[in-house]
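Read in this note's numbering, the sequence shown has 236 at position 236, and its numbers run on one by one without any break. Glycine residues also receive a C-beta, built at the ideal position from the N, C-alpha and C atoms. Right, one structure below, let's go through it.
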Amino acid sequence: MNALIAAAKKEGHLNVITLPNDWANYGTIMKDFTAKYGIQINDENPDGTSQDELNAIAQTKGQSRAPDVVDVGTPFAAKGLTAGDWANYEVATWSNIPASFKDPNGAFYADYGGYVAIGYDTSRVKTPPTSFKSLLTGPYKNMVALNGSPTQAAAAFSGVFAAALANGGSFGNIAPGIAYFKQLKQAGNFVPVTGSASTMESGQTPVLIWWDYLLASEVGAKYKNLKIVIPSDASYAAYYDQAISKYAPNPAAARLWEEYLYSTEGQNLFLEGSTRPIELPALVTAGTEDKTAYAALPPAPAGGITSPSIAQVTAAQTVVTQQWPSVTG
Numbered sequence: 001m002n003a004l005i006a007a008a009k010k011e012g013h014l015n016v017i018t019l020p021n022d023w024a025n026y027g028t029i030m031k032d033f034t035a036k037y038g039i040q041i042n043d044e045n046p047d048g049t050s051q052d053e054l055n056a057i058a059q060t061k062g063q064s065r066a067p068d069v070v071d072v073g074t075p076f077a078a079k080g081l082t083a084g085d086w087a088n089y090e091v092a093t094w095s096n097i098p099a100s101f102k103d104p105n106g107a108f109y110a111d112y113g114g115y116v117a118i119g120y121d122t123s124r125v126k127t128p129p130t131s132f133k134s135l136l137t138g139p140y141k142n143m144v145a146l147n148g149s150p151t152q153a154a155a156a157f158s159g160v161f162a163a164a165l166a167n168g169g170s171f172g173n174i175a176p177g178i179a180y181f182k183q184l185k186q187a188g189n190f191v192p193v194t195g196s197a198s199t200m201e202s203g204q205t206p207v208l209i210w211w212d213y214l215l216a217s218e219v220g221a222k223y224k225n226l227k228i229v230i231p232s233d234a235s236y237a238a239y240y241d242q243a244i245s246k247y248a249p250n251p252a253a254a255r256l257w258e259e260y261l262y263s264t265e266g267q268n269l270f271l272e273g274s275t276r277p278i279e280l281p282a283l284v285t286a287g288t289e290d291k292t293a294y295a296a297l298p299p300a301p302a303g304g305i306t307s308p309s310i311a312q313v314t315a316a317q318t319v320v321t322q323q324w325p326s327v328t329g
């Protein structure tokens with residue numbers, strides 16, 4: 001670690017991409033990393049998507065502004081692996097990351113996650129939605145949105161996966177989720193725009209399907225008429241993934257960043273952002289979790305977190321890429 005810290009400080013910079021300050025507590029995480037190590041962080045395109053991150057990797061090879069690290073949804077981490085974009089690296093706490101949530105060679109590894117939830121504006125939505133089925137049958141004309149296209153944004157992709165589970169699908173069959181959104185649009189309830197705090201506040205999308213922790217931090221922090229529910233017919237949880245670019249202009253800083261994120265300090269900062277850090281069970285066992293932040297998490301649905309395998313996610317992404325145009329077209 002001493003050698004890594006020295007090399008990273010010599011580089012002096014870290015290029016990250018698509019990390020909004022109010023997403024998973026990243027504003028504090030970046031500030032604290034810089035304060036601890038004196039390494040300046042450049043955050044490119046903070047409001048972009050996972051696909052934007054992959055595009056940047058491909059388009060900026062050899063440039064000093066190229067991303068050193070990415071934080072992407074698993075479908076996009078898998079795409080980057082196929083493209084050969086990642087540098088294998090195992091953090092010091094590697095054994096605390098469950099095998100099903102990391103590439104065995106260290107190409108990418110889960111960092112934090114949560115549950116797909118329904119957020120709604122209580123001032124505009126008079127019949128509270130409780131499930132995916134209720135969104136289809138209730139009085140929600142031109143109200144319901146995802147946070148983008150599931151072909152581009154991992155959170156929207158997860159929303160489709162959750163809808164699949166609520167409609168007879170499985171981790172091996174995402175097609176019912178696509179069929180659900182097609183029905184939702186035909187019913188006049190689905191609005192195919194990128195939902196956000198601003199679209200909710202403006203009334204364009206009073207109902208937003210997104211991660212529970214992002215609804216809380218990105219919408220709830222700005223808009224007080226928000227209510228968040230985990231759908232009664234689908235409890236779908238997933239994690240985002242870290243990866244180091246094979247073309248990183250600051251490779252030591254990139255590795256030090258990962259060590260920081262997976263340290264007790266970094267994992268607790270994710271926890272303070274209302275997310276469930278991947279090493280949370282290990283923190284709880286050791287008694288090192290932030291007790292206040294842990295107590296503030298909404299209760300997890302019974303059965304714990306189960307997620308599709310990397311192979312299932314990759315197969316599902318292919319189906320979504322092929323079939324999603326039938327929803328929006």
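Fill in: Spatial distance of S263 from F33 (CA atoms)
12 Å
Worksheet item: When burial is assigned at 16 or more other CB atoms within 10 Å of the CB, is G203 buried or exposed?
Response: Exposed, by the Cβ-count rule.
Practice prompt. Locate the alpha helix (DSSP H) running through K9, then write down its first and last residues.
Written response: From DSSP, the alpha helix (DSSP H) with K9 extends over 2-11.
Discussion item. In the DSSP assignment, the beta strand (DSSP E) including L297 goes from what residue to what residue?
Written reply: That residue, L297, is in no beta strand (DSSP E); it is neither H nor E in DSSP.
Discussion item. Quick check for students: name the residue ranges of the alpha helix (DSSP H) that lie wholly in the region 80-152, counting only runs of 4 or more.
Written reply: 132-137
Fill in: Segment limits, beta strand (DSSP E) that includes Q63
No beta strand (DSSP E) holds Q63; DSSP gives it neither H nor E.
Worksheet entry | In DSSP terms, what F190 is bridged to | DSSP links F190 through a beta bridge to V144.
Worksheet entry | beta strand (DSSP E) runs wholly inside the region 16-67, at least 3 long, in chain order | Qualifying beta strand (DSSP E) stretches, in chain order: 40-44.
Fill in: Rounded separation between P129 and I118 - CA only
Each residue's alpha carbon lies about 8 Å from the other.
Fill in: Which listed residue (T328, S309, Q323) has its alpha carbon closest to that of A78
S309
Worksheet item: Considering only residues of the same chain and omitting the five flanking positions on each side of A221, which have a CB-CB separation below 7 Å?
Response: The beta carbon of A221 sits closer than 7 Å to the beta carbons of D22 from its chain, once the five residues preceding and following it are set aside; these are given in chain order.
Worksheet item: Going by other Cβ atoms of all chains shown within 10 Å of its Cβ, with 16 needed for buried, is V160 buried or exposed?
Response: buried
Item to complete: Kindly list the residues whose CB is nearer than 7 Å to the CB of T194, restricted to its own chain and excluding five residues on each side of it in sequence; keep chain order.
Response: A distance below 7 Å between beta-carbons, with the five flanking residues on each side excluded, links T194 to the following residues of its chain, in chain order: N147, G148.
Worksheet item: Three-state secondary structure (DSSP) at N173?
Response: N173 falls in the strand class under three-state DSSP.
Practice prompt. Could you check if A216 is buried or exposed, using at least 16 other CB atoms within 10 Å of its CB as the buried criterion?
Written response: buried
Item to complete: Report the option in A254, Q322, T18, A286 whose CA atom is closest to the CA atom of A4.
Response: Reading off the sequence, residue 4 comes out as Leu, not Ala. For the residues A254, Q322, T18, A286, the minimum Cα distance to L4 belongs to A254.
Worksheet item: What residues in its chain sit with their C-beta under 8 Å from that of K246, if we drop five residues either side in the sequence?
Response: G84, D85, W86, A87
Worksheet entry | C-beta contact flag for S131 and A166 at 8 Å | Result yes, Cβ atoms of S131 and A166 sit closer than 8 Å.
Worksheet item: If you drop the 5 nearest sequence neighbours on each side, which residues of the same chain put their C-beta closer than 8 Å to that of V284?
Response: So the list reads Y294, once near-sequence residues are dropped.
Fill in: Own chain residues within Cβ distance below 6 Å of F171, not counting five before or after
P308, Q312
Fill in: W324 (DSSP reduced to helix, strand or coil)
coil
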